[in-house]
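Asker: In the UniProt record's numbering, the protein residues as written are 1 to 181.
For every residue, glycine included, the Cβ atom is placed at its ideal position computed from N, Cα and C.
One structure, pasted below without further comment.
Here is the structure:
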């Protein structure tokens, strides 16, 4: 309910609502004002303190951020330095390994040449042995008659080596005589 004047109840802090009622009202305005000012002062103090703490936190955050940025730059520089060092060491390693690699490649090439020579020698020996086996009269040539004594050379599958088949083998033609392929 709102304040009413002249009802015998002091509603205003200075008693002005009861000026004609005969009731004497105590003036409490100064005390209420003082309490209100103290309350506002405390709120202002809390606000100032909060603002001060906020500024401190912002400054601390800025410093921490700057330190982290500086640390990041240092780490990136360190990383770059290490990468350069790794690259340099890789180059040194490759240079150090180059003679070994070249020697290994040379050795491998010689080994392959020796294997090829041994294989060629073996094939030549096999060919010489085959020639000796075919050269029945040991005159240094293989004739049609000598080939015909070797039915395993039959090319048309009839079990015997014909004169035409023997001629074809001697000329280097591996197709059976009369074959159209």
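Using three-state DSSP, classify residue 150 as helix, strand or coil.
Answerer: On the chain shown, position 150 is the one that residue 150 refers to. In this structure, residue 150 counts as coil in the three-state DSSP scheme.
Asker: On the premise that residue 134 lies in contact with residue 146, defined as a C-beta separation below 8 angstroms, what is that separation, rounded to the nearest angstrom?
Answerer: Along the chain shown, read from residue 1 onward, the residue named residue 146 stands at position 146. Along the chain shown, read from residue 1 onward, the residue named residue 134 stands at position 134. With 8 angstroms as the limit, residue 146 and residue 134 qualify as a contact, their Cβ atoms being about 6 angstroms apart.
Asker: Under a three-way DSSP split, which group does residue 73 fall into?
Answerer: Indexing the chain shown from 1 puts residue 73 at position 73. Residue 73: helix per DSSP, three-state reduction.
Asker: On a CA-only basis, which of 33, 31, 10 and 88 is nearest residue 25? Give me that one, please.
Answerer: As a working note, residue 25 is residue 25 in the chain shown. Checked all of 33, 31, 10 and 88; the closest Cα to residue 25 is 10.
Asker: Indicate the three-state DSSP secondary structure (helix, strand or coil) for residue 6 in the structure shown.
Answerer: The residue given as residue 6 occupies position 6 in the chain shown. In this structure, residue 6 counts as coil in the three-state DSSP scheme.
Asker: For residue 23, does the three-state DSSP call read helix, strand or coil?
Answerer: Walking along the chain shown from the start, residue 23 turns up at place 23. Here residue 23 sits in coil by DSSP.
Asker: Might you give, ordered along the chain, the residues of its own chain that have their beta carbon closer than 6 angstroms to the beta carbon of residue 138, omitting 5 neighbours on each side?
Answerer: Position 138 of the chain shown, counted from the start, is the residue given in the question as residue 138. Excluding residues within five positions, none has a Cβ falling inside 6 angstroms.
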